[in-house]
Amino acid sequence: MKPLPDPMTTAQTQSLPLTLRSSSHTEEFGSTIGRHLQKGDIIALAGELGAGKTTFVRGVALGMGFEPHVVSSPTFTFIQEYAGPLTLAHVDLYRLEEPGELADTGLAEYLDGDFVVLIEWADRLPASWMPNDYLSIQFSYAGKNTRRVNVQAFGPRSSGLLHALTSDAR
Numbered sequence: 103m104k105p106l107p108d109p110m111t112t113a114q115t116q117s118l119p120l121t122l123r124s125s126s127h128t129e130e131f132g133s134t135i136g137r138h139l140q141k142g143d144i145i146a147l148a149g150e151l152g153a154g155k156t157t158f159v160r161g162v163a164l165g166m167g168f169e170p171h172v173v174s175s176p177t178f179t180f181i182q183e184y185a186g187p188l189t190l191a192h193v194d195l196y197r198l199e200e201p202g203e204l205a206d207t208g209l210a211e212y213l214d215g216d217f218v219v220l221i222e223w224a225d226r227l228p229a230s231w232m233p234n235d236y237l238s239i240q241f242s243y244a245g246k247n248t249r250r251v252n253v254q255a256f257g258p259r260s261s262g263l264l265h266a267l268t269s270d271a272r
């Protein structure tokens, strides 16, 4: 499978590096993004097992008005849907072994613009499946409880989200 596009070679890509010092900080970061999301927004999450992707999704859910404790990783179902004023589709591609399996997951239906979609293990998704506009967040370990994230915007809507994050950080 092809990795997500390299932001250094993609035109008009913007990025924001951050350090998250705890799981609660990771959740707060997700909540901040969740308050800005709109129908059709897609966030691609990548990083090692245990790096904070699901904790981040819990925060996004909180920011969108959901109870974060209802969020669990949909590792065995691939997609968990949370209905509210905006419908959140939480996708986990950890168990994806071949790109051909994607058709069976129903993911294509979620990428049509009617949902907010968060995709864990998005680096397992063929580049042809990614829309033209999405936010990419790469998680990496920086210590026992500390994570580094790099947020990258691909497209005008995701650039607006990145700008809102930058403004909230001030």
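Heads up, the sequence shown is in this note's numbering, so the first residue is 103 and it goes up one at a time.
From the three backbone atoms N, C-alpha and C, an ideal C-beta is built for every residue, glycine too.
Under the rule that 16 or more other beta-carbon atoms within 10 Å means buried, what is residue i, buried or exposed?
i: SER238; result: buried
i: GLU199; result: exposed
i: ASP216; result: exposed
i: ASP143; result: buried
i: PHE256; result: buried
i: VAL173; result: buried
i: LEU122; result: buried
i: GLU129; result: buried
i: GLY161; result: buried
At the level of alpha carbons, what is the spacing between residue i and residue j?
i: ARG259; j: LYS246; result: 34 Å
i: ALA266; j: HIS138; result: 8 Å
i: LEU190; j: TYR184; result: 5 Å
i: GLY202; j: TYR212; result: 17 Å
i: ALA163; j: LYS141; result: 14 Å
i: SER126; j: LEU151; result: 18 Å
i: GLN254; j: PRO228; result: 18 Å
i: ALA148; j: ASN252; result: 10 Å
i: ASP225; j: HIS171; result: 26 Å
i: VAL159; j: PHE131; result: 10 Å
i: TRP231; j: ILE145; result: 13 Å
i: SER269; j: LEU188; result: 23 Å
i: ALA210; j: SER124; result: 34 Å
i: LEU118; j: SER175; result: 25 Å
Which residue comes first and which comes last in the alpha helix (DSSP H) that contains residue i?
i: GLY132; result: 125 to 136
i: VAL162; result: 155 to 165
Below 8 Å on the Cβ atoms is my guess for residue i versus residue j; work out the distance and round it to an integer in Å.
i: GLU222; j: LEU263; result: Actually they are not in contact, since the Cβ atoms of GLU222 and LEU263 sit about 18 Å apart, beyond 8 Å.
i: GLY165; j: ILE135; result: 6 Å
Going by alpha carbons, who is nearest to residue i out of the options?
i: GLY154; options: ALA244, GLN254, SER261; result: ALA244
i: PHE180; options: VAL219, PHE241, GLY165, GLY186; result: VAL219
i: ASP235; options: ASP214, ARG249, LEU204; result: ASP214
Any beta carbon from chain D within less than 8 Å of residue i's own beta carbon?
i: LYS141; result: No chain D is present in this structure, which holds just one protein chain.
Hey, could you find the ends of the beta strand (DSSP E) residue i is sitting in?
i: THR121; result: 116 to 122
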